Amino acid sequence: MSDYGDMCRDIRNARAEARAKHGVPCPECVAKLPKACPSILLPQQRCRIHGYRDPRPRTAETEYLRPAAQAERESATHPTKDTKDTKQ
Ligand SMILES: [Zn+2]
Numbered sequence: 004m005s006d007y008g009d010m011c012r013d014i015r016n017a018r019a020e021a022r023a024k025h026g027v028p029c030p031e032c033v034a035k036l037p038k039a040c041p042s043i044l045l046p047q048q049r050c051r052i053h054g055y056r057d058p059r060p061r062t063a064e065t066e067y068l069r070p071a072a073q074a075e076r077e078s079a080t081h082p083t084k085d086t087k088d089t090k091q
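The structure is reproduced here in structure tokens:
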């Protein structure tokens, strides 16, 4: 299982790197809330405060950088039956 752990760590590192590389501050945040920390948006990501959507197209490098909330919502639509069955 250490391979899986290594993979997770690699993904986390890659995500942090890509986020630093591709993330841009929400222009609405910068304009309207200059004293606050602006939301950092990746391509096609939406600012939770303003609903501003980053217009840049997704690239292969950034498409897996979905916000955690979105990933959770998508995984929730495919619930695993295993957990339910074993509890009976
Ligand atoms: Zn914003």
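For the record, in the sequence shown the residue sitting at position 12 is 15 according to this note's numbering, with numbers rising by one throughout. Note that CB positions come from ideal geometry on N, CA and C, so glycine has one too. Predicted model only: the values in this text are computed from it and were never measured.
Under the rule that 16 or more other beta-carbon atoms within 10 Å means buried, what is residue i, buried or exposed?
i     : result
SER5  : exposed
CYS11 : exposed
ASP9  : exposed
ASP13 : exposed
For my contact list, residue i and residue j are in at a C-beta cut-off of 8 Å; report their separation, rounded to the angstrom.
i     : j     : result
GLY26 : ILE43 : 4 Å
THR62 : PRO46 : 7 Å
ALA19 : GLU64 : Wrong, their Cβ atoms sit about 13 Å apart, outside the cutoff.
Tell me which same chain residues have a C-beta within less than 6 Å of the C-beta of residue i, skipping the five on either side of it?
i     : result
CYS29 : PRO41, SER42, LEU44, CYS50 and TYR55
Going by beta carbon distance, what residues of the same chain come within less than 8 Å of residue i, once the five residues before and after it are set aside?
i     : result
ALA52 : The question names Ala, but residue 52 is Ile in the sequence shown. Cβ within range, chain order: CYS29, GLU31, CYS32, LEU36 and SER42.
Heavy atoms of ligand 1 versus C-beta positions, residues under 6 Å: The answer, residue by residue, is CYS29, GLU31, CYS32, SER42, CYS50, ILE52, HIS53 and TYR55.
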